[in-house]
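The sequence shown begins at 1 in this note's numbering and counts up by one.
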Amino acid sequence: MSELASDYYLEDKQNASNQTNDHVYDLYAGDEEESFMIIFGNGFYVYVTPVILMVGLCGNSLSLCVFCSKKMRRMSASRYLSALSICDLMALVFYVLSEWLRRGLNTIVPGYHGSFLDTPVVCQVWLHLSYMSRLLSAWLIVTFTCERYIGVCMPLRRRNMGSLKETNRIITLLFVLSCIVAIYKPVTSEVRALNNMTACTSKESFEFEAFVLDSLYALIITLAPFVIISTLNILIVRKLLNRKRKNKFNLVTEENAIRLEFTFILLAISFFFIALNLPYFSMWVKQFLQSHYLHSTFDHTDDLSFEYWQGVTKITRTIFNINYCINFFLYSITGACFRLQLRALFSRSRNSRRSFYQYQPTGNRTQCTNSRSRTSRV
Numbered sequence: 001m002s003e004l005a006s007d008y009y010l011e012d013k014q015n016a017s018n019q020t021n022d023h024v025y026d027l028y029a030g031d032e033e034e035s036f037m038i039i040f041g042n043g044f045y046v047y048v049t050p051v052i053l054m055v056g057l058c059g060n061s062l063s064l065c066v067f068c069s070k071k072m073r074r075m076s077a078s079r080y081l082s083a084l085s086i087c088d089l090m091a092l093v094f095y096v097l098s099e100w101l102r103r104g105l106n107t108i109v110p111g112y113h114g115s116f117l118d119t120p121v122v123c124q125v126w127l128h129l130s131y132m133s134r135l136l137s138a139w140l141i142v143t144f145t146c147e148r149y150i151g152v153c154m155p156l157r158r159r160n161m162g163s164l165k166e167t168n169r170i171i172t173l174l175f176v177l178s179c180i181v182a183i184y185k186p187v188t189s190e191v192r193a194l195n196n197m198t199a200c201t202s203k204e205s206f207e208f209e210a211f212v213l214d215s216l217y218a219l220i221i222t223l224a225p226f227v228i229i230s231t232l233n234i235l236i237v238r239k240l241l242n243r244k245r246k247n248k249f250n251l252v253t254e255e256n257a258i259r260l261e262f263t264f265i266l267l268a269i270s271f272f273f274i275a276l277n278l279p280y281f282s283m284w285v286k287q288f289l290q291s292h293y294l295h296s297t298f299d300h301t302d303d304l305s306f307e308y309w310q311g312v313t314k315i316t317r318t319i320f321n322i323n324y325c326i327n328f329f330l331y332s333i334t335g336a337c338f339r340l341q342l343r344a345l346f347s348r349s350r351n352s353r354r355s356f357y358q359y360q361p362t363g364n365r366t367q368c369t370n371s372r373s374r375t376s377r378v
């Protein structure tokens with residue numbers, strides 16, 4: 001997910017009284033005193049974000065290894081979740097880390113400025129990768145939701161659409177479309193002098209166009225996924241409840257048990273995707289409605305709650321960054337087979353040639369067991 005319209009969108013709107021829409025790094029310029037909320041919000045962002053980065057990098061790397069394991073990679077759902085892990089890793093590096101270097105590290109190390117990010121070419125490439133990865137991450141969840149909806153509500157059609165070849169084709173198409181959509185950002189951005197420092201920001205000649213495109217981008221990665229995911233999940237849950245009432249004998253095959261487990265994983269991912277993004281999306285809507293492009297005479301510096309909302313923005317930004325590190329825990333809690341393969345991942349490092357794993361469905365749950373075999377020497 002983007003920082004809802006652009007990497008610096010919310011601060012741009014707050015500096016509208018300067019009639020610029022520039023990406024200003026000093027959030028408190030011109031304020032002699034800082035309110036409690038802005039101090040707390042900034043501290044929350046500065047010290048929690050490194051934890052998100054470390055947990056997210058480790059968790060997504062482990063998730064990728066699990067879903068790419070020999071047992072898991074044969075399922076189409078694993079392909080989607082593998083791609084999602086890669087996108088989250090990219091978002092952590094090209095978005096969360098870069099934003100923290102710009103806005104957070106200078107609180108711990110006064111005077112620090114991540115100047116290497118504000119150089120020609122690096123600026124444009126970094127922005128493109130940041131926007132592309134967040135767009136792809138959001139729509140992979142949407143696509144995975146569609147795949148689970150078809151699997152639960154239209155199982156006969158899924159047999160024709162759920163092959164690994166078809167899944168790879170869909171992921172490739174999403175990747176290409178994300179690259180094309182995100183290309184507008186480097187095209188409308190440049191490195192220029194701003195407040196006695198260089199900054200990777202919108203071109204002066206494209207400020208309004210960048211505002212419009214950033215707003216559309218924000219809706220594409222927030223509102224559209226919210227609506228689609230919520231609607232399909234309601235239909236999925238309703239179908240599962242109806243199926244449970246009709247299934248008197250509660251017979252579950254191994255294949256159906258694994259698919260049901262992936263459905264629970266999807267519901268968990270979808271719920272937290274919406275819950276963690278909604279607060280920051282609400283802040284974006286508030287800032288969008290107060291934009292100087294919509295209200296040319298609106299003066300944010302006269303707003304007594306200006307600092308309060310700056311602090312709230314920092315907190316909600318940190319909350320939605322959790323999106324990129326939480327999936328590993330959701331997989332571990334809702335996925336018995338994921339936990340099995342995770343244990344196998346560490347077990348193989350100790351005894352990789354003596355263990356193999358099997359799925360054994362029991363009732364409504366998929367139980368995974370560890371079987372050991374010994375090979376005789378010839």
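Even for Gly, the Cβ is constructed at its ideal location relative to N, Cα and C.
Inset, instruction - Quick one: measure Cβ to Cβ for F67 and S76, integer angstroms, because I've assumed they're closer than 8 angstroms. - result: Contact flag wrong, Cβ pair sits at about 11 angstroms.
Legend entry - Buried or exposed (CB count within 10 angstroms, at least 16 for buried), R238: exposed
Legend entry - Proximity of K185 and Y131 at Cβ, strictly below 8 angstroms: yes
Legend entry - Coil, strand or helix - L294 by DSSP: coil
Inset, instruction - Assuming L127 and C179 form a contact by the criterion Cβ under 8 angstroms, report the distance between their Cβ atoms to the nearest whole angstrom. - result: L127 to C179, Cβ: 13 angstroms. No contact.
Inset, instruction - Spell out the partners DSSP gives M197 in its beta bridges. - result: L194
Inset, instruction - List the whole-angstrom C-beta distance separating L276 from I322, where the pair is believed to meet the contact cut-off of C-beta under 8 angstroms. - result: 5 angstroms
Inset, instruction - May I ask you to verify whether the stretch 103-114 touches the stretch 333-346, counting CB pairs closer than 8 angstroms and requiring at least 3? - result: no
Inset, instruction - Pick out whichever of V46, F94, I265 and C65 has its Cα sitting closest to the Cα of P110. - result: V46
Inset, instruction - Mind checking which residues open and close the alpha helix (DSSP H) that includes R317? - result: F306 to N321
Inset, instruction - Return the chain-ordered list of same chain residues with a C-beta closer than 7 angstroms to the C-beta of Y308, the five sequence neighbours on each side being excluded. - result: S35 and M37
Inset, instruction - State whether the stretch 136-152 contacts the stretch 209-219, with contact taken as three or more CB pairs (one from each stretch) at a distance under 8 angstroms. - result: no
Inset, instruction - Could you check the C-alpha separation between R74 and F144 for me, to the nearest Å? - result: 16 angstroms
Legend entry - Where S282 sits in the DSSP three-state scheme: helix
Inset, instruction - Specify whether the stretch 268-282 and the stretch 85-103 touch according to this definition: at least 3 beta carbon pairs, one from each stretch, less than 8 angstroms apart. - result: no
Inset, instruction - Report the rounded CA-to-CA distance for L213 versus Q310, giving the unit in angstroms. - result: 23 angstroms
Inset, instruction - Write down every uninterrupted run of the beta strand (DSSP E) in the stretch 199-275 whose length is 3 residues or greater and which is fully enclosed by it, in chain order. - result: none
Inset, instruction - Measure the alpha-carbon distance for F271 versus H113 and round it to whole angstroms. - result: 36 angstroms
Inset, instruction - State the Cα-Cα distance for the pair F264 and S82, rounded to the nearest angstrom. - result: 17 angstroms
Inset, instruction - Determine the burial state of P155: buried for a count of at least 16 other Cβ atoms within 10 Å of its Cβ, exposed for fewer. - result: exposed
Legend entry - Pairwise C-alpha distance: K71 and Q341: 8 angstroms
Inset, instruction - Measure the C-alpha to C-alpha separation of R348 and I39 and round it to an integer number of angstroms. - result: 47 angstroms
Legend entry - Neighbourhood of Y149 by C-beta distance below 7 angstroms, restricted to the same chain and skipping five residues each side: L232, L235 and I236
Legend entry - Neighbour-count burial assignment, V181, 16 or more Cβ in a 10 Å radius: buried
Legend entry - Burial state of A257 (16 or more Cβ within 10 Å): buried
Legend entry - Same chain, Cβ closer than 8 angstroms to S189, five either side skipped, listed in chain order: C123, Q124, L127, C200, T201, S202, K203 and A210
Legend entry - Distance between beta carbons of T198 and S115, contact taken as under 8 angstroms: 7 angstroms
Inset, instruction - For the alpha helix (DSSP H) containing I52, list its first residue and its last residue. - result: F36 to F67
Inset, instruction - Keeping to the same chain, check which residues put their C-beta closer than 7 angstroms to that of L164; ignore five residues upstream and five downstream. - result: S76 and R79
Legend entry - Beta carbon of F228 nearer than 8 angstroms to that of V142: Going by the sequence as given, residue 228 is Ile instead of Phe. Cβ atoms of I228 and V142: closer than 8 angstroms.
Legend entry - Environment of N21 [buried if 16+ CB atoms lie within 10 Å]: For N21, the pLDDT reaches just 36, beneath the cut-off of 50, and the residue's location in the model is therefore unreliable, although a value from the coordinates is still provided. Per the 10 Å Cβ criterion, buried.
Legend entry - Through-space distance from S215 to L64, alpha-carbon basis: 32 angstroms
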